[in-house]
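If you count the sequence shown from 1, you need to add 80 to reach the numbering used here. Take a look at the structure set out below.
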Amino acid sequence: MLRYSKAKLAEERSITDIYFKAQKELDVRKELYEKFRRKLTDEELASLDDEDIKVPLERYISIMSAGYFGGKAPTYKVKAFNADKDEIIKELFNHETNDEKEIKEIEELIKHIVDYNNDGSHFLHMVLDYLVKRACYEIYYKDEITGEITIARSDALETVAIWDYSAKKNLIGIYRIIRTYMANGEYQQMIELTTADGKRYYYDTPEKRKIFGTPEYDQKFKDEPLFKEEQEERQPKKWDDDIPATAIENCDGMAIFEPVISLIKAYERCIQNSRNVFKYNDEAILKVIGYQPENPLVIQNEKGEDIINPARQKEDEYVLTSRVRYFDGNKDVNSDIAWVEKNVNDTALQNHKKTLMDIICLCSFCPNMTDLGFTSADNNSALEKKFFS
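See below:
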């Protein structure tokens, strides 16, 4: 959580200081998001084959929780007018409450804004951002011609909030880091700072960024900050003494699946080990006692190099595929043939996996949809009782 004073936030040099602090938080959010979707770039496949089995429980936990809390858009209602309560508040606190007419006007205004921004997925994505990236943001825009208010979600991978130092902290800024890539592969960064006074824009350059913090930078740019404001792009304030944004940041700084990442890895390893054992048994080695092959395993070619004997390969193939095998046994050697396999205690394995799954769901406060509570009776009732009870 970034905290600054309003006066210091207005200084151009503070934008560069905030950048490095914000980037640390954004890097952690990016890492959490990569765990959620199990890939680094859009071009990758999240899961390809069984050589590296992935069990994306981070995604299960996040989407289950987001669907429960954000699957249905919220409804808004202004508290009804109460004459008795209004009189008491006036007498005790010398404070005027909203009258019936004003309450109805506020209700109609909220309804109009919600209807104008009719996007059922907006709230769901806000909740998902909060659960996965541990923060969510939205910014309000006012149309200069019609005066209509548009609400837009700001990606938590490029946005941080700035709060003041008061005990009941107040939002004083929304800080967005936006990258623009150029044809040569370089990129320029733009900082969009939204405050109650309007919007300001700051830019760096690849040249300055590469040498920032070095003696070369001090010699070339003196005490100039990394980010410089573009005065012509500054936008005046359009709202009355308030910042046009909403910011919700997790007070504990944790994604919903963050406490169980190690348990998910243990669960994946358990399944991977099971797969490896079964694969080993499928490709098991044949053990033969009391039989000597007629052909040696290794022979030399014309150059004197050791190579696998083709005749031995054919002989081994015959032993593997023939339906009848004959062995020479005696009193000293008991002839035998068998596959060399690893024994698997399937009951213990299943119990271990179930224990891991139960702990994962317990510590992430997300119900296990595969347990008996969801296979019989009223599943909706079971879900309501289990979810974040």
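The C-beta atom is built at its ideal place from N, Cα and C for all residues, glycine as well.
Once you ignore the five residues that flank residue i on each side, which residues in its own chain have a CB closer than 7 Å to its CB?
i	result
M81	W243, E329
E138	K115, F116, F337, I344
S142	F116, L208, L211, V212, I336, F337
N389	N375, P376, L377, V378, I379
I193	I229
Looking only at DSSP bridge pairs, what is residue i linked to?
i	result
P316	G278
D386	Q380
K222	I229
Q268	T260
I254	A241, T274
L82	I242
C216	I328
E309	Y282
S234	Y217
Taking its Cβ as the centre, do 16 or more other Cβ atoms sit within 10 Å of residue i, making it buried, or is it exposed?
i	result
D34	Outside the modelled stretch of the chain, which goes from 81 to 469, sits residue 34, for which no answer is possible.
S469	In this prediction, S469 scores a pLDDT of 47, lower than 50, which makes its location untrustworthy; no coordinate-derived value is stated.
R280	buried
A232	exposed
F203	buried
L89	buried
F173	exposed
A87	exposed
R109	buried
V404	exposed
I323	buried
V340	buried
T155	exposed
R93	exposed
R349	exposed
V420	exposed
S444	buried
T334	With the sequence shown as reference, residue 334 is identified as Met, and Thr is not the correct amino acid for it. Exposed, because fewer than 16 other Cβ atoms sit within 10 Å of the Cβ of M334.
S85	exposed
I186	exposed
S201	exposed
Y261	exposed
A146	buried
I254	buried
P286	exposed
Rounded to whole angstroms, how far is the Cβ of residue i from the Cβ of residue j, which I believe are closer than 8 Å?
i	j	result
A364	N375	Wrong, their Cβ atoms sit about 23 Å apart, outside the cutoff.
I95	P295	Going by Cβ atoms, the distance from I95 to P295 rounds to 23 Å, so no, they are not a contact pair.
N414	G384	40 Å between Cβ atoms; not a contact.
L366	I440	Not really, about 40 Å apart at Cβ, beyond 8 Å.
Y360	K434	No, Y360 and K434 are not in contact; Cβ-Cβ is about 24 Å, not under 8 Å.
Y267	R256	No, Y267 and R256 are not in contact; Cβ-Cβ is about 15 Å, not under 8 Å.
S234	I252	Contact doesn't hold; Cβ gap of about 16 Å is too wide.
G278	Q315	5 Å
F307	Y282	4 Å
E238	L106	7 Å
D199	R355	Not quite, the Cβ-Cβ distance comes to about 42 Å (not below 8 Å), so this is no contact.
T121	Y217	Between Y217 and T121 the Cβ distance is about 24 Å, and since that is not below 8 Å, they are no contact.
V424	V357	5 Å
E395	P373	6 Å
Give the range of the alpha helix (DSSP H) segment to which residue i is assigned.
i	result
S201	200–213
L343	341–362
L366	Counting along the chain, L366 falls outside any alpha helix (DSSP H), though it belongs to the beta strand (DSSP E) covering 365–369.
A102	92–117
A428	426–443
F301	295–301
F173	163–173
I143	137–150
D195	180–196
Going along the chain, which residues of its own chain have a beta-carbon closer than 8 Å to the beta-carbon of residue i, five neighbours each way excluded?
i	result
A126	R117, R118, K119, K134, P136
R83	I242, W243, D244, Y245, K249
D321	A276
T450	M437
F100	none
I351	I133, V135, K433
E310	Y281, Y282, Y283
I387	V378, I379, Q380, N381
Under 9 Å, Cβ to Cβ, is there at least one residue of chain B near residue i?
i	result
K433	Although the question refers to chain B, the structure presented lacks it and comprises just one protein chain.
Can you find the residues in the same chain that come closer than 6 Å, C-beta to C-beta, to residue i, ignoring five residues on each side of it along the sequence?
i	result
G150	F203, L204, V207
N197	I231
Y221	T230
E313	Y281
Since residue i is in the beta strand (DSSP E), which residue starts that stretch and which ends it?
i	result
A418	416–420
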